[in-house]
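Numbering of the sequence shown is given in this note's numbering, commencing with residue 80 and proceeding in unit increments. Glycine is no exception: its CB is placed at the ideal position from the N, C-alpha and C atoms.
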Amino acid sequence: MPSLLTRVFGSANERTLRRLWPIVEETNALEADLQALPPEAFPAKTAELRERLAQEDTTVDEILPEAFALVREASRRTIGLRHFDVQALGGLVLHQGKIAEMKTGEGKTLVATLPLYLNALEGKGAHLVTVNDYLARRDVQWMGPIYHYLGLSTASIIHDASFRFDLTYIPKDYRLLHLRPIERREAYRADITYGTNNEFGFDYLRDNMKFSLDDYVQRELHYAIVDEVDNILIDEARTPLIISGPAEESTDKYYVVDRIIPRLRKDVDYTIDEKHRSATLTEEGIAKCERLLGVSNLYDPSQIDMLHHVTQALKAHTLFKRDVDYVVKDGEVLIVDEFTGRLMPGRRWSDGLHQAVEAKEGVRIERENQTLATITIQNYFRMYKKLAGMTGTADTEAVEFQKIYKLEVVVIPPNKAMRRVDSPDVVYKSEREKFAAVVEEIKECHEKGQPVLVGTTSVEKSERVSKLLKKTGVRHNVLNAINHEAEANIIAQAGRHQQVTIATNMAGRGTDILLGGNPEFLARAEMENEWIRRAGTVQGGGQTEQRYEDTLRTLRERYDEEVQRASGQYEQGLATLQERRGEALRQLTEAHKKLLELSPYRPLRDRYEQVSSVELIPAVRDHDPIPRRYRQVKEELEATLLGAETGTAVATERSELEELRSRYESVLAAWEEGGVRTDETARELDERRAQYERGLSVMELALLVKGGATGNGELAEIRVSYRTSEDDYVEAERLHQETQTPYEEAVRAAERRYEADRAKYVAAVEEIREQLQKAPQEYEARYQDILEKYRETCAGERELVVAAGGLHILGTERHEARRIDNQLRGRGGRQGDPGTSRFYLSLEDDLLRIFGADRMQGLMERLGMEEGVPIEHRLITRAIRNAQEKVEAHNFDIRKHLLEYDDVLNKQREVVYSRRRELLGRDDLREDVLELATGIAEDLVATHAEAEVASEEWDWKALDDAVFARFNFRLQLPGSEHEGLRMEGLQDILVERVKQAYAQREQLFGAPIVRHLEKLIMLQTLDTFWKDHLLNMDHLKEGIGLRGYGQVNPLQAYQKEGYDMFEEMIRRMESDVVEKLMSVQIRTEAAPGMPQRAAVAPSGAEDALPAELEALQRRQRQAARVTLSHGEQAQAQKVETVRRDGDKVGRNDPCPCGSGKKFKKCHGT
């Protein structure tokens, strides 16, 4: 029945397109009239359309056909491209706030100009969001002439820079042609702004950390088109945007822990779950780590930080692979985007993982960061009033787009019918057989002249295919995260006759592959290579005749050869020594465990550890006194260990323990003396305790090994065994280190040479490029000659390539998302070109091994799989599709889970950020401060003066102390006034006293200074508490999943507890603001020898602030140096006061929502 209805009425997609075609025809009807207009008429037409939109009775839909027709004609005149009808159709879909799925090569960049122009006419800005800086820059240079012709301004935002399109601007760097550098704020004020999703999101977060509305760069989020929408809103959505500042944590532990991980053995000391990307220590592994780190119990609450470091280091060594997940470049660990293969400078893994990888690679470790602001990609883009997107692969994720973003996917038909032939997958038993078959197919295509694009999933795999091709003598180019500098040149040549290009997924986005080659790119590359050869910038004999990309590859090959030589020289010996060391460590750990089990000190030690964990640690956490029982067991254990008769055998260990005990005792004494018990002093005490307990463990072991402990004959036997194992381990470690050190030094030296040579070569090439750009007249004639030559060459080669079957896409592995495979396939067969595609797989591929191994293995055996013989069968194809669907569903759950949890934080973020904007937009916050103080005063009285108890029995001293702590004055109410006083009366008295005290401070300091202080302290306190709240919410989220074991929905628990924490944060923040304003002391800088005095600002001296205030502001600006380092602080300007409509609702008034509660207890929270 449904199929019959579809045949009669068409699919939902067809019905949508049918409704839009009349508008396209209406646009086409205007074309002839516009072709007759002079150039100056186009900006005038833009101004006319803006005037019509300014009238209340005109909507953008009414002027749509005329706006689209204007853009089409401007495009034809400026860049020589006329929008096809299907492109106009795509523009309509984008204008309606939907996702347009258009095949690769259908001109999505040009399509976006139509709705961008139309929506920019409203004067609120229109954004185009791209996946990387290269496209954000290139698209403005390419499409900028269209907008310029129409009289609109265009800007580009990339990492650490912003540009305005200006046809008259000629820079030194040709890559920035027509891009004039501007401030970020000006870029957002342009009519149309291109930029990356990260920059848009980070600018939003940075804005909400600033101290003046004049410094905000973004305006309202009006309309956005997201290019490659599936990559940004789905692939990137698993990683939230985080702005962080340096935390106080030291990096020493990373180095310490990193040294022990290589000594652990897989499946003996730890297990790996690749499906969930996790590594777990076994019991034997835990014992080894405790032995190597000198820790008695790794799971003791005091060692939770050390356990975290061990876990992250284990993941870094076992799950994160160099040249797959990251590369090391210029002494820095750079993450490789798993979907595009591009490097992501500035992006870091969180929770100490990045530092663990840095320790593993032996580069400088950056300090851990603390989150200052965060938002998910989903929640940022959902703030836009209207959102649209375009991509070549969205239909497979249509459900997710609809559920999360409320975006409908509309498939736009291609301009020309697709001619690409997609062959079924072939599966081999092993990866070795698969790659042999891949090379064979590449050779066949190469011999008949057909260009081949080989797609790989990692840098490592692309280098492997490259090495195999070199052995067969097939010339090829490699495009991956290692040599992305040559990306444009390599892609420009990928469609040439007999060309072979090996690429990670980065080749699939934003760049068209033209059959026969791109003459403009090839001409420029030829010019550069000609001048590079002439300038002799490359060292070493015949190399001077090499092309740019060939030289980069040669440098990489030289590095790989040096590393392989070092591996061949040392690898076998290292493997043997590592096995010997592992076995020695296992025996030593076993002997250590038995020693501790037979120890005569064990009962005392167990009792001490129990009291320490159960009584001491909770007491310190809650800032309570030290438990008496802890003192008793501590003194008993240390007296026993230190009193053992051993002569001088353990003199060193005894001396060290006595020193540790002395330090620990001084901290305990300070805690007990009733000093300030803060989180900081608690951390210090905990650290001293951990050091002291390590000293106890070392002392006990020394007594057991060196003969101070008495016991049965078994203890003496184990003691001998321990000493023997220890000697074996020390010797094995020494031999291993002797071999490891020269190997590591050889690899590091090769890496340093490679990085230095490449940097020198690339710098030389950039210099040549600048020379070419500086003297266009000198080189123009030569360039035109080369360009004409390549136009003829490319036209001829196109005919040969078409005859050979077009571009052949060869995938060496299936990606976990079908979209990524479709993107790779989409590189061929663009605009009706011929093409072919095929994927080669093996049972050892990650996707099949992790998600479909058992089922696939059984299937292969039933089908009779033999060595070197591939299998092509629909069951195989279905099994692969099922494996991909499993992963896609798993990833969707991750994104949905992330969004559900972030929605809780998002509501809180909206409250905080809107409150910040309100504070920044007002000059006078006196009423707000007094309102907060009134609420706090009333709550204080309600806490200390019960309505049911006679006033004479109230705790007046406690109340007086509380008032002094909050408001910095004593209530000092005479005893005669206590009698008969009601709670409400006392509240009125205290509120009046607070107002008087605040008025006195205002009179003392001067109104301008107090107004400035109010804003500064409220913003500072809000930011501080919000930062701490983000950290607390992170901690809450980490452990909330365990609630499921108690039959509690973790999400509901997170929502409830997160709300309670937010309410408490707001309450403490308000209290802190009042406390600071009532007690802050302002001093001016006095001349040497002169006393400092309180400053009273003269009337009208709004800018004359005391030095202390200026210092406070300076600290505020420096506090988040990671985020506020973009330019100088803007000059403060008078901000128009925001005035509310209607009467203000007081904190104690009934809430307008009708709940019956006071406003402060309801919506005033």
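field: Close Cβ partners of alanine 240 (< 6 Å) along its chain, the five nearest in sequence each way excluded
entry: none
query: Which residue comes first and which comes last in the alpha helix (DSSP H) that contains methionine 1112?
result: 1086-1119
task: Go ahead and label tryptophan 100 buried or exposed: buried means 16 or more other beta carbons lie within 10 angstroms of its beta carbon, across all protein chains shown.
output: exposed
Burial state of glutamine 457 (16 or more Cβ within 10 Å): buried
Proximal residues to serine 800 (C-beta, below 7 Å), its chain only, five neighbours per side dropped: Ala670
message: Considering only the alpha carbon of each residue, which of Ala358, Arg426, Leu398 and Lys332 lies closest to histidine 388?
response: Lys332
message: I need the DSSP call for aspartate 982, collapsed to helix, strand or coil.
response: helix
- prompt: For threonine 633, which option in Val403, Glu834, Asp591 and Thr757 has the closest C-alpha, if you only look at C-alpha atoms?
  reply: Glu834
- request: Output the distance between the C-alpha atoms of serine 323 and glycine 774, rounded to the nearest integer angstrom.
  value: 36 Å
query: To the nearest whole angstrom, what separates the beta carbons of leucine 422 and valine 406, a pair I think is in contact under 8 Å?
result: 7 Å
Backbone CA spacing between serine 993 and alanine 968 [nearest angstrom]: 36 Å
message: What residue range does the beta strand (DSSP E) around proline 117 cover?
response: That residue, proline 117, is in no beta strand (DSSP E); it is neither H nor E in DSSP.
query: Helix, strand or coil: which one does DSSP assign to glutamine 1212?
result: Bear in mind that a pLDDT of 35 at glutamine 1212, under 50, signals an unreliable position, so the number given afterwards is only what the model happens to contain. Reduced to three states, the DSSP call for glutamine 1212 is coil.
- request: Could you pull out every residue in the same chain whose Cβ sits closer than 8 Å to the Cβ of glutamine 643, ignoring the five residues on either side in sequence?
  value: none
field: Endpoints, alpha helix (DSSP H) assigned at alanine 1245
entry: Since the first residue shown for the chain is 80 and the last is 1244, residue 1245 is missing from the structure and cannot be characterised.
- prompt: Are the beta-carbon atoms of valine 506 and histidine 525 separated by less than 7 Å?
  reply: no
query: Among the residues of its own chain, which have a CB less than 7 Å from the CB of threonine 891, if the five just before and after it don't count?
result: Val517, Val533, Gly534, Thr535, Lys540, Val544 and Tyr919
message: What residue range does the beta strand (DSSP E) around lysine 465 cover?
response: 465-470
field: Cα-Cα separation between arginine 155 and arginine 161, rounded to whole angstroms
entry: 5 Å
field: Straight-line gap, phenylalanine 163 to asparagine 494 (C-alpha atoms, nearest Å)
entry: 7 Å
Straight-line gap, threonine 757 to glutamine 689 (C-alpha atoms, nearest Å): 25 Å
- prompt: Under the rule that 16 or more other beta-carbon atoms within 10 Å means buried, what is glutamate 396, buried or exposed?
  reply: Per the sequence shown, the amino acid found at residue 396 is histidine instead of glutamate. So histidine 396 counts as buried.
field: Cβ pair count under 8 Å reaching 3, the region 263-272 against the region 224-237
entry: yes
field: Close-in-space but distant-in-sequence residues of the same chain around glutamate 923 (CB under 7 Å, 5 per side omitted)
entry: Ser509 and Glu510
field: DSSP-derived helix/strand/coil call for glycine 905
entry: coil
task: Measure the alpha-carbon distance for glycine 471 versus leucine 173 and round it to whole angstroms.
output: 14 Å
message: Is it the case that the region 339-348 contacts the region 201-221, given that we only count it when at least three CB pairs across the two stretches are under 8 Å?
response: no
- prompt: Taking the C-alpha atoms as reference points, what is the distance between glycine 176 and leucine 393?
  reply: 46 Å
6 Å Cβ shell around glutamine 910 - same chain, five flanking residues per side excluded: Gly184 and Lys495
query: Going straight from the alpha carbon of arginine 707 to that of alanine 1024, what length do you get?
result: 35 Å
- prompt: Cβ of alanine 205 within 7 Å of Cβ of isoleucine 491?
  reply: no
field: methionine 1148 versus glutamine 1099 - alpha carbon distance
entry: 10 Å
Pick from Val1152, Glu363, Asp337 and Ser357 that is closest to threonine 668, judged by C-alpha positions: Glu363
field: Same chain, Cβ closer than 6 Å to glycine 1168, five either side skipped, listed in chain order
entry: Confidence at glycine 1168 is low in this model, with a pLDDT of 41, below 50, so its placement is unreliable and no value can be given for it.
query: In terms of DSSP beta bridges, what is glycine 914 paired with?
result: Arg499 and Leu886
message: Quick check: leucine 998 and valine 1153, are their CB atoms within less than 7 Å of each other?
response: no
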